[in-house]
Structures are given as structure tokens and as C-alpha cells.
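**Q**
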Amino acid sequence: MNVVTTVIKSRHSVRKYKTDPVDENAIKDAVECARHAPTAMNLQPWLFGVIQDKKVLETIAQLTDHGTFITDAPLCFAVFGEKQAKYYLEDCCAATENLIIALQAHGIGSCWVAGDKKAYAEPVRKLLNVPDEYTLVSLVPAGIPADISIMKKKDLKFVEFKESFKRDSS
Ligand SMILES: Cc1cc2nc3c(=O)[nH]c(=O)nc-3n(C[C@H](O)[C@H](O)[C@H](O)COP(=O)(O)O)c2cc1C
């Protein structure tokens, strides 16, 4: 058993949270882990917002299509990428995953909510006063889990191939 892989495999998207506040050290550590993600040419083309203001959380929730539960989260992270950096999307996705796994390691549930390609990316950026050079990549509401639904994952044998891909005829 390995602590890191166990944390990764025990993570599930959490969309219902207890009202308890989230430990500030855990929040800080999660952002620390996000900023340690690999980036193309080590550009680190990002900004990480930590939003705890109830009114702002409510407004973000209303702007999204599938993130209305943000309104009941004690906090929400917002990951922004610097558009000029060629690989900002990959970089910010790596950071988002680090953030989510770090939260899980601290016993905090979260859910990746799409930002990139969404019509609300611009309104969210403006709401949070983020400069125009950046664009929203992801929103990550988080809190102590109140309910967890476990999604089935494709079996390893259907998604892994060794050396060269062969279609299974059976
Ligand atoms: C890029 C991306 C965008 C997502 N957007 C949303 C979203 O807008 N709303 C939501 O409830 N979940 C969203 N999710 C979470 C997925 O629905 C979830 O990861 C998937 O159902 C698998 O469940 P699991 O995270 O519990 O393994 C998103 C996940 C990713 C990676």
C-alpha cells in the first residue's frame, strides 16, 4: 500500500459539503501543491483564487451551468491560465489535479467544475477582478464531504495497452 496512490484512488467528486469551515493550513497546502505541478518550459502561467465570501460563491454558482452546488460550498478555488502561454490549459489542468489530490489528502472533498470553453469564463474572471491576460480554466468547490457518490471506472483491461494497441476481437 502506498499513501499517495491510496489517496488518488480514494478520491471521488464531492458536490455536497458540511457547513464546517475548511482548515486554513489545508487550503494553503493545497495551493502549494497546485503550484508545484509541472508546466511546459516551467512557465507556471497561472493564478489561484481562493473564494470564501458567501455572496461571491453564490454569484459564481449562478453563472455556471453545472456548478450550482458551489453556492453551498464553504469555499471554491478558481484556477486561471495565462492565455499567452502555449500550454496554459495542460499546465492549469495539472495544477487543478494536484489541488484536488492535496485536498483529498487533507480529508477535504472537492469537485472539478469546468471553466475553460465555458461562456461563464469571462464573467467569472471579471467578477474576481482577474486581469484580461488570464482565462478561467477550472473551478474547484471544496469542503468536508456530506455525501459522496462513487462513479464506476472503466476496467484497466479496457484502457491499458502494452507496446502496440490491438483491438480485442472476443
Ligand atoms: C474537465 C472537467 C470538467 C468537469 N466539469 C464538471 C462540472 O461542470 N460539474 C460537475 O458537477 N462535475 C464536473 N466534473 C466532474 C466529473 O463529472 C467527474 O469527475 C466524473 O463524473 C467522474 O467522477 P469522479 O470525479 O467521482 O471520479 C468535471 C470534471 C472534469 C475533469
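For the record, in the sequence shown the residue sitting at position 50 is 1043 according to my numbering, with numbers rising by one throughout. All C-beta atoms in this analysis are idealised placements derived from N, C-alpha and C, irrespective of residue type, glycine included.
Is it buried or exposed for F1070, if we count other Cβ within 10 angstroms and need 16 for buried?
**A** F1070 should be labelled buried.
**Q** Considering Cα atoms alone, identify which of A1088, I1141, G1042 and I1053 is closest to L1036.
**A** Nearest C-alpha to L1036: A1088.
**Q** Could you have a look at T1128 and say whether DSSP puts it in helix, strand or coil?
**A** The answer is strand: DSSP assigns T1128 an E or B state.
**Q** Figure out for me which residue from E1126, I1063 and P1134 has the closest Cα to the Cα of S1103.
**A** It is P1134 whose Cα lies nearest to the Cα of S1103.
**Q** Would you kindly work out how many angstroms separate the C-alpha atoms of I1094 and S1006, rounded to a whole number?
**A** Cα to Cα, the separation comes out at about 11 Å.
**Q** If V1024 and L1092 are in contact, beta carbons under 8 Å, what's the gap, nearest whole angstrom?
**A** Their Cβ separation, rounded to whole angstroms, is 7 Å, which keeps V1024 and L1092 in contact under 8 Å.
**Q** Residues with a Cβ closer than 6 Å to any heavy atom of ligand 1, in chain order?
**A** Any residue whose Cβ sits closer than 6 Å to a heavy atom of ligand 1 makes the list: H1005, S1006, R1008, H1059, G1060, C1104, W1105, V1106, A1107 and M1144.
**Q** Where are the beta strand (DSSP E) runs, 3 residues long or more, that stay fully inside the segment 1059 to 1087, in chain order?
**A** The segment 1059 to 1087 contains these whole beta strand (DSSP E) runs: 1068 to 1075.
**Q** Suppose contacts are defined by Cβ-Cβ distances below 8 Å. Is L1082 in contact with I1020 by that definition?
**A** No, the Cβ-Cβ distance between L1082 and I1020 is not below 8 Å.
**Q** R1118: which of H1029, D1161 and T1057 sits nearest, CA to CA?
**A** Of the listed residues, the one whose Cα sits closest to R1118 is T1057.
**Q** Kindly indicate which three-state DSSP category S1003 falls into: helix, strand or coil?
**A** Helix at S1003.
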